[in-house]
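In the working numbering, the protein residues as written are 126 to 336.
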């Protein structure tokens, strides 16, 4: 996330930018400073894994509105990842999206956006302590998300079916060769295409393939 001196020094409570608020409360820190024509730009990030995990746990509590269920789901997700139980993962995420109150979708079009669903997946994985990279770049583009865990690599692509053909998520991972950058590690690589429907507001496909 890039920011500027002006944003980071903002103290107007009613008009403060999200990144400035997170920076001033310690959830984000300066990772890099760049000079752009005499103007400094700051790349922000979480100060450490513990803060990232805590922040995403807080976000999930707002969505789930049940701290006990959220903790149980995170523990369950960890176990499913250990076992590479992809059918179980699909069921867990479907149950999670089903638990999000409909009020979150009223008077807005959030259910139509791929980024919304991807951010929920990211928060769940980050809150569970996984090593997550969003927009994982390669020479042919960017996978939406990469997770490295227990000697495995998991590459995710997310699509909304009303905006892309069925199977497009997995096809993009395969056709753009996003797994190639990890082949030298010798680790098993799993391509995971996750598709959502804006009408059901839930996962409609969870296709998995070994690369």
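Positions of the beta carbon are idealized from the N, C-alpha and C atoms, including for glycine.
Please read these numbers as outputs of a predicted model, since none were measured by experiment.
Original post:
When you compare only the Cα positions, how much space is there between residue 206 and residue 309?
Top reply: The straight-line gap separating the alpha-carbon atoms of residue 206 and residue 309 is approximately 22 Å.
Subject >> Contact check, residue 319 vs residue 294, beta carbons under 8 Å >> reply: In this structure, residue 294 lies closer than 8 Å to residue 319 by Cβ.
Original post:
Who are the near neighbours of residue 222 in its chain, counting only those whose CB is closer than 7 Å to its CB and skipping five residues on each side?
Top reply: Hits under 7 Å: 326, 327 and 328.
**OP:** Indicate whether the contact test is met: 3 or more Cβ pairs, each with one atom in the stretch 258 to 273 and one in the stretch 295 to 315, closer than 8 Å.
**Re:** Yes: the two stretches touch, three or more of their Cβ pairs being nearer than 8 Å.
**OP:** Indicate the three-state DSSP secondary structure (helix, strand or coil) for residue 265 in the structure shown.
**Re:** Secondary structure at residue 265: coil, using DSSP grouped into helix, strand and coil.
Original post:
Among all the DSSP beta bridges, which residues are the ones paired with residue 322?
Top reply: According to DSSP, residue 322 bridges with 327.
**OP:** Give the range of the alpha helix (DSSP H) segment to which residue 238 is assigned.
**Re:** From DSSP, residue 238 is part of no alpha helix (DSSP H); its letter is neither H nor E.
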